[in-house]
DNA sequence: CGATTTTTTGAATCATATCAACGTACGTGG
DNA sequence: CCACGTACGTTGATATGATTCAAAAAATCG
């Protein structure tokens with residue numbers, strides 16, 4: 003039993019590869035412990051890492067012109083998080099990424115990732131599949147934001163990620179779903195009244 | 003001068019590769035002419051192709067429960083379009099993809115793409131970079147939809163894609179930007195009055 | 001515990017949608 | 001190449017989902 007076992011499983015779910023290659027890929031990552039409220043990415047700094055969550059929770063957010071905090075993404079166990087626009091183009095970030103709980107993560111830095119992808123076709127495939135799924139996931143979210151009301155988006159979230167809402171502060175969930183924390187509170191309250 | 007030259011350029015902008023490999027990759031694609039209003043993807047059918055636009059324009063959209071038409075994406079020259087969730091998971095589509103103009107495209111089918119990626123590390127890299135950029139692009143759009151008003155999203159669009167709005171029917175642009183065609187009309191009218 | 005942060009509640013307001021009606025343009029068949 | 005029909009865009013009135021503001025209640029944390 004090793005702390006990186008979930009990541010090993012994650013790799014093998016995406017690409018079949020010999021055990022020694024799995025270990026080689028894992029070795030390209032660094033295990034880190036991040037304290038609650040610690041930032042791993044901040045605006046104006048280039049995102050140097052891609053982060054896989056072994057344990058804990060994170061969120062990314064932007065502060066808009068009016069100073070409002072908008073959650074763009076969150077990540078719990080077995081999810082990735084970064085400012086992808088900053089990371090892939092290696093330009094200054096626009097987002098914050100912060101730990102919501104004390105967390106354990108695996109991080110790869112940009113140069114190491116490039117080198118690793120270059121060195122082994124299967125490692126390249128691994129990252130390609132990850133990027134594809136991220137793109138598909140984002141597209142589902144765009145469809146949801148264009149076609150559904152605030153309450154429907156909330157219902158979808160609860161159905162899609164059972165148990166996850168409990169771990170997120172309500173203002174994080176509300177801003178992720180594109181509504182105010184007050185409005186989410188009213189949606190929830192209406193529901194408990196009904197049932 | 004060959005009709006596929008823009009695609010050749012597109013490939014080389016992403017991955018450096020010897021000319022014969024570029025030709026090999028291009029050969030995996032089929033050149034097709036698509037008439038205006040022709041559908042290349044429809045709900046309940048699996049998206050068999052990924053489509054690169056050489057000439058013309060497309061849009062993808064979903065019809066929601068109330069029967070409202072929501073544009074999810076559009077594509078002109080040098081863009082890709084598909085129902086990515088259908089294509090990468092090879093499951094039934096939820097979207098329509100239709101030609102807005104008579105168009106010329108290059109299409110690769112799913113099995114050929116898998117084989118081609120498998121056969122050559124550089125081809126795998128090519129698709130990986132495409133997926134990454136798609137993910138990054140979608141994330142920018144999510145940020146925009148969460149943080150900006152209808153008018154700001156319109157202004158951003160005009161600034162980011164100068165000249166493109168002219169080629170799209172207004173209801174396509176409106177639903178892409180997440181507003182009604184009436185509201186977009188009012189935004190536009192207000193602007194011409196002002197200046 | 002007290003202090004701070006988060007959530008709830010209600011009232012007023014706002015951004016955007018809906019509805020309806022009319023004007024315009026465009027493409028298709030004769 | 002005209003004329004008609006259908007699709008598209010505009011405008012104004014009204015409706016509504018969601019935000020804002022304010023303050024109290026509840027939860028969390030050092």
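Protein chains in written order, with the working numbering: chain X, 3 to 197; chain U, 3 to 197. Where is the CB? At the ideal position from N, CA and C, for every residue including glycine. Only a predicted model underlies this, so the values are computations on that prediction, with no experimental measurement involved.
Inset, instruction - Return the first residue and the last residue of the beta strand (DSSP E) that residue 87(X) is part of. - result: Looking at the DSSP string, residue 87(X) is not in any beta strand (DSSP E); the run it does join, the alpha helix (DSSP H), is 86 to 91.
Inset, instruction - Determine the extent of the alpha helix (DSSP H) in which residue 25(U) is found, giving its start and end residues. - result: Note, residue 25(U): alpha helix (DSSP H), 21 to 29.
Inset, instruction - Would you please state the rounded distance, in angstroms, between the beta carbons of residue 83(U) and residue 55(U)? I believe it to be under 8 Å. - result: Their Cβ separation, rounded to whole angstroms, is 7 Å, which keeps residue 83(U) and residue 55(U) in contact under 8 Å.
Inset, instruction - Excluding the 5 residues preceding and the 5 following residue 108(U) in the sequence, name in chain order all residues of the same chain whose CB lies nearer than 8 Å to its CB. - result: 6, 9, 28, 31, 32, 33, 34, 53, 54 and 56, listed in sequence order.
Inset, instruction - Buried or exposed for residue 91(X), please, with buried defined as at least 16 other CB atoms from any protein chain shown within 10 angstroms of its CB. - result: In this structure residue 91(X) is exposed. Its beta-carbon is surrounded by fewer than 16 other beta-carbon atoms within 10 angstroms.
Inset, instruction - Identify every run of the beta strand (DSSP E) within the region 101 to 133 of chain X, keeping only runs that are complete inside it and at least 3 residues long; order them along the chain. - result: With a minimum length of 3 residues, the continuous beta strand (DSSP E) runs that stay inside the region 101 to 133 of chain X are 105 to 111.
Legend entry - Neighbour flag for residue 99(U) against chain X, beta carbons, 8 Å: No, because no Cβ of chain X sits closer than 8 Å to the Cβ of residue 99(U).
Inset, instruction - Please say whether residue 59(X) and residue 78(X) have beta carbons closer to each other than 8 Å? - result: Closer than 8 Å, so yes.
Inset, instruction - Evaluate the contact criterion for the region 109 to 124 of chain X versus the region 153 to 172 of chain U: three or more CB pairs, one atom per stretch, below 8 Å. - result: The region 109 to 124 of chain X, when compared against the region 153 to 172 of chain U, does not touch it at the 8 Å Cβ threshold.
Inset, instruction - Would you check if the distance between the CB atom of residue 132(X) and the CB atom of residue 61(X) is smaller than 8 Å? - result: Between residue 132(X) and residue 61(X), the gap from beta carbon to beta carbon reaches 8 Å or more.
Inset, instruction - Would you tell me roughly how many angstroms separate the C-alpha atoms of residue 97(X) and residue 145(U), rounded to the nearest one? - result: Here the alpha carbons of residue 145(U) and residue 97(X) stand approximately 10 Å from one another.
Inset, instruction - Indicate the three-state DSSP secondary structure (helix, strand or coil) for residue 40(U) in the structure shown. - result: Coil, per DSSP.
Inset, instruction - Report yes or no: is there a C-beta of chain U within less than 8 Å of the C-beta of residue 55(X)? - result: No, its Cβ sits nowhere closer than 8 Å to a Cβ of chain U.
Legend entry - 8 Å contact criterion, which residue 138(U) and residue 179(U) should meet: CB distance rounded: Contact annotation, residue 138(U) with residue 179(U): C-beta distance approximately 19 Å; criterion of less than 8 Å not satisfied.
Inset, instruction - Mind reading off the beta-carbon distance from residue 71(U) to residue 49(U)? Whole number of angstroms is fine, and I expect it under 8 Å. - result: Separation of the CB atoms of residue 71(U) and residue 49(U) is rounded to 19 Å, and the pair is thereby denied contact status at 8 Å.
Inset, instruction - Report the option in 80(X), 51(X), 81(X) and 46(X) whose CA atom is closest to the CA atom of residue 65(X). - result: When only C-alpha atoms are compared, the closest one is 46(X).
Legend entry - CA-to-CA distance, residue 165(X) to residue 167(U), given in whole angstroms: Between residue 167(U) and residue 165(X), the C-alpha separation is close to 43 Å.
Legend entry - Exposure label - residue 18(U); buried when at least 16 CB within 10 Å: By the 10 Å Cβ count, residue 18(U) comes out exposed.
Inset, instruction - Could you please give me the residues that DSSP links to residue 75(X) through a beta bridge? - result: For residue 75(X), which the question treats as bridged, DSSP gives the partners 62(X).
Legend entry - is_contact[residue 151(X), chain U] using C-beta, thresh 8 Å: Cβ-Cβ to chain U under 8 Å: no for residue 151(X).
Inset, instruction - Quick one: which residues of the region 61 to 83 of chain U get their C-beta closer than 7 Å to a C-beta of chain X? List them in chain order. - result: Flagged, chain order: 64, 66, 72 and 74.
Legend entry - Three-state secondary structure (DSSP) of residue 48(U): When DSSP states are grouped into helix, strand and coil, residue 48(U) belongs to the strand group.
Inset, instruction - Could you spell out where the alpha helix (DSSP H) holding residue 175(U) opens and where it closes? - result: Element bounds for residue 175(U): 172 to 178.
Inset, instruction - Examine chain X for any beta-carbon lying closer than 8 Å to the beta-carbon of residue 115(U), and answer yes or no. - result: Residue 115(U) does not count as touching chain X.
Legend entry - 6 Å CB neighbourhood of residue 51(X) in its chain, flanking five on each side removed: Annotation for residue 51(X): 109 and 111 place their beta carbon closer than 6 Å to its own, counting only its chain and skipping 5 residues before and after.
Inset, instruction - May I ask you to report which of helix, strand or coil DSSP gives residue 8(U)? - result: Residue 8(U) falls in the helix class under three-state DSSP.
Legend entry - Check whether residue 172(U) and residue 183(U) have beta carbons under 8 Å apart: Yes.
Legend entry - Range covered by the alpha helix (DSSP H) that runs through residue 168(X): For residue 168(X), there is no enclosing alpha helix (DSSP H), as DSSP marks it with neither H nor E.
Legend entry - Range covered by the alpha helix (DSSP H) that runs through residue 156(X): Counting along the chain, residue 156(X) sits inside the alpha helix (DSSP H) bounded by residues 152 to 162.
Inset, instruction - Give me the Cα-Cα distance between residue 42(X) and residue 94(X), rounded to the nearest whole angstrom. - result: Between residue 42(X) and residue 94(X), the C-alpha separation is close to 14 Å.
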